[in-house]
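*Asks:* All letters in the sequence shown, in the order written, are residues 31 to 615 by the working numbering. Even glycine gets a Cβ: it sits at the ideal position worked out from N, Cα and C. Owing to the predicted nature of the structure, the values given are computational and were not obtained by experimental measurement. Next up is a structure, given as structure tokens.
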Amino acid sequence: MGSKIISEGNGFVKFLKLCQDENKDNSTYMDEISVLLGQNDELLCNIINKNQPVFICEKAQVKYEPDASESMEDSNLVEEPTKMEQDLGPQPLSVMKARQLLSWYTMAQNPNMPLIEAPGTLHPLWIRCDKSDPCATAWLGAETIYSGNKPTGIKLFTVSCKGPTGDEASFTTLDDLKQEHQKRHHPSAMATKGWAQYNLFSSMKEESMVFESQSSVIANLKWNNVEKILECPPLSSVATLNIKVAVGDIRSSIYQTHKEMEFLLALAEGLRTGETEWLEPMETQSAVDATRALIEELESIAHGGLGNAAKASEQSQKDAKTDATAAFTSMVIERGDLDFTEQLWEKMRRSVKSYQDITDCLKIVIKAIRHGQIKPWIHKDSSSSLSKLILKSYQQQIDTVPLTGLTPANMLLELGLDKIRKDFINYLVGKELTTLNYLSYYLDTEVDLQEQVIRVRKLHHLLEILGTCSTFLSLPHDRLFLFTQSCLQYYKTSNYDEDHVFQLQIKPALISYFYEKEQPFFWAVDVASGQGSREVKTSYHLSDKSLVDHVSFDLDLSLAASVSGENEMMSYYRTMVSCSLISFT
């Protein structure tokens, strides 16, 4: 019997070592156990509070192989449902099987077991369990302690989970947690550390203020010397905001800027692919009529009709401003110094619905310039083709512009890029959140138009994020300044990504208003002793979602029957992580 155990243990650890050396992501051992390497499960990472390469063992799923006798038609009929049936997600092993794998791993690491061939350093081993024992074990884990390359001990972990409940009386107390730790480790001193996560958007009670789920501001708080389970983090905590903002929320303070970017992106995509999906016009007036009206307005100014023209211009500016009712507070992006090309962009983006519209509008404008009907004012640093044409017209030098093919659409795209860049400069530099030097990458007009669009889109995402930080969180200028530099630096080397989570260190006092009266969606405490690699912990987690995805839970009947109320206790899944330390020396 002993030789069989040793043989099985040797076979298993040799397999693990081979997977590690060959960096195999997914392998199957003895046709029944899947071994995943380097895919540190996100939920497991939350449990052990580490991010490191690990082995994860789980039950191998049976793969469907159709009979050779099946016709292609029959195979097509059954293949999809069968695939859906087999795709069950990660599956646990029995607790007994998990303990067997753990014992093999432990024996192989123990230098006092000479009959077991030492595999060298191995990643920690974690095994999904089916919760079939009295402790409801969902994970078993082992992590070897090394001195150099020599194993000196091993930590064995047990993770037990219970279903959700809102009954605080069913939570483990801090005293019970300390006693559990003391019973296992007999420490001379213990330290406690807590951490909590709050969704700050959940504190917004008004229905019209609730943000879409694509955007989130999560506050992570960590502190020492925990006094009770589910305590509110003290103001001495270390706080980090994890900010993810998806553009296009109608409640955003710069929603109208998003609509402007939306048209710009549709135009750029059409030029890139040759197929344009035109957005629904925002104005009933045609693009050609709107362009003629703008030129007539300038002619009126030239002939002394300043009063009426000024009124018309003022109304035009009002039409372009953000709808204040769509934002929970104001974040002004619009400018009052729009030049002619920027006003033309505003008119056209609201009414254009075809390439022909663009061509017709630009023909009208260039004809008016060529015949001296208008001498419009242009920002001297404007870089668009139309701006350069207008600047040359001041010296009676009018170049011929062939408005054929994609040229008109390219010219309109240039107008939009020019205008939006100036909007963003006006806000970011005007608010002293950055300098032109820091924006140079985003303002470069020497790269091709599609790359310019990408960079402006990144700036727009940054503005959406700052809108959340300044208008919703009311963060002070010094925090916004540092955060802006961080985001600008990130997007210089990274692709556009609305799913990216930006982090900002912050003083808890600046956000305590949001979380003091809220319940965290995640709360945990560690009771720890020992030092360095021999530090051991006993942890307790409360979370609104299960920290394991391979087992099911019975719902608390009292919770299922409860009626939602303002002061109702949030329901929490309860996860206990216990650790044992075994020394080899």
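Could you give the distance in angstroms between the alpha-carbon of G150 and the alpha-carbon of S569?
*Replies:* In a straight line, the C-alpha of G150 is about 30 Å away from that of S569.
*Asks:* In chain order, what residues of the same chain have a beta carbon less than 6 Å from the beta carbon of E135, not counting five sequence neighbours either side?
*Replies:* It is Tyr, not Glu, that sits at residue 135 in the sequence shown. These residues qualify, in order along the chain: L155, A172.
*Asks:* Is the segment 122 to 142 in contact with the segment 34 to 44, if contact means three or more CB pairs nearer than 8 Å?
*Replies:* yes
*Asks:* What's the call for E546, buried or exposed, on a 16-neighbour Cβ count within 10 Å?
*Replies:* exposed
*Asks:* Need the endpoints of the alpha helix (DSSP H) that H507 sits in, please.
*Replies:* 507 to 523
*Asks:* Hey, which unbroken runs of the alpha helix (DSSP H) at 4 residues or more fall wholly within the segment 251 to 299?
*Replies:* none
*Asks:* Am I right that I363 and Y468 are in contact with their C-beta atoms under 8 Å? What's the rounded C-beta distance?
*Replies:* Not a contact, Cβ separation roughly 19 Å.
*Asks:* Have a look at H409, Q373, Y176 and flag the residue whose alpha-carbon is nearest the alpha-carbon of G562.
*Replies:* Y176
*Asks:* Which value, in whole angstroms, describes the spacing of the CA atoms of K258 and M220?
*Replies:* 15 Å
*Asks:* Which residue's Cα is closest to the Cα of M600: W553, D279, K452, K567?
*Replies:* Cα-wise, what sits closest to M600 is W553.
*Asks:* Using 8 Å as the Cβ pair cut-off and three pairs as the minimum, do the segment 570 to 578 and the segment 528 to 540 touch?
*Replies:* no
*Asks:* Should L368 go down as buried or exposed, given a rule of 16 or more other Cβ atoms within 10 Å for buried?
*Replies:* buried
*Asks:* Compare the C-alpha of E481 against each of G460, S500, L443, R509 and name the closest.
*Replies:* L443
*Asks:* Quick one: what's got a C-beta closer than 7 Å to C262's C-beta in the same chain, skipping five residues either side?
*Replies:* Closer than 7 Å at the Cβ level, and outside the excluded window around C262, lie E546.
*Asks:* Going residue by residue through the segment 171 to 215, where are the continuous beta strand (DSSP E) segments of at least 3 residues, counting only ones entirely within it?
*Replies:* Taken in chain order, the whole beta strand (DSSP E) runs of length 3 or more contained in the segment 171 to 215 are 180 to 195.
*Asks:* Just the Cα atoms here: how many angstroms apart are M606 and K192?
*Replies:* 9 Å
*Asks:* Just to check my reading of the structure: C159 and L123 have Cβ atoms closer than 8 Å, yes? What is that Cβ distance to the nearest angstrom?
*Replies:* 6 Å
*Asks:* In whole angstroms, what is the alpha-carbon distance linking I408 and S414?
*Replies:* 11 Å
*Asks:* Apply the 10 Å Cβ neighbour rule to A298 and answer buried if 16 or more other Cβ atoms are within range, or exposed otherwise.
*Replies:* buried
*Asks:* Going by DSSP, which residues form a beta bridge with H490?
*Replies:* In the DSSP output, where bridge partners are listed per residue, H490 has none listed.
*Asks:* Can you give me the C-alpha to C-alpha distance between T615 and T188, rounded to a whole angstrom?
*Replies:* 23 Å
*Asks:* In whole angstroms, what separates the C-alpha of E617 from that of C49?
*Replies:* A question about residue 617 goes unanswered here, because the residues of the chain that appear run from 31 up to 615.
*Asks:* So, for K351: in the same chain, excluding its five sequence neighbours on each side, which residues have a beta-carbon less than 8 Å away from its beta-carbon?
*Replies:* Low confidence applies to K351: its pLDDT is 41, below 50, so where it sits in the model is not reliable enough to give any reading.
*Asks:* Here's the rule I'm using: 16 or more other beta-carbon atoms within 10 Å means buried, otherwise exposed. How should E344 be labelled?
*Replies:* Note that E344 scores 46 on pLDDT, short of 50, meaning its location in the model is unreliable and no value can be drawn from it.
*Asks:* Tell me which residue opens and which closes the beta strand (DSSP E) that R129 is part of.
*Replies:* First-last for R129: 125 to 139, but that is the alpha helix (DSSP H), not the beta strand (DSSP E).
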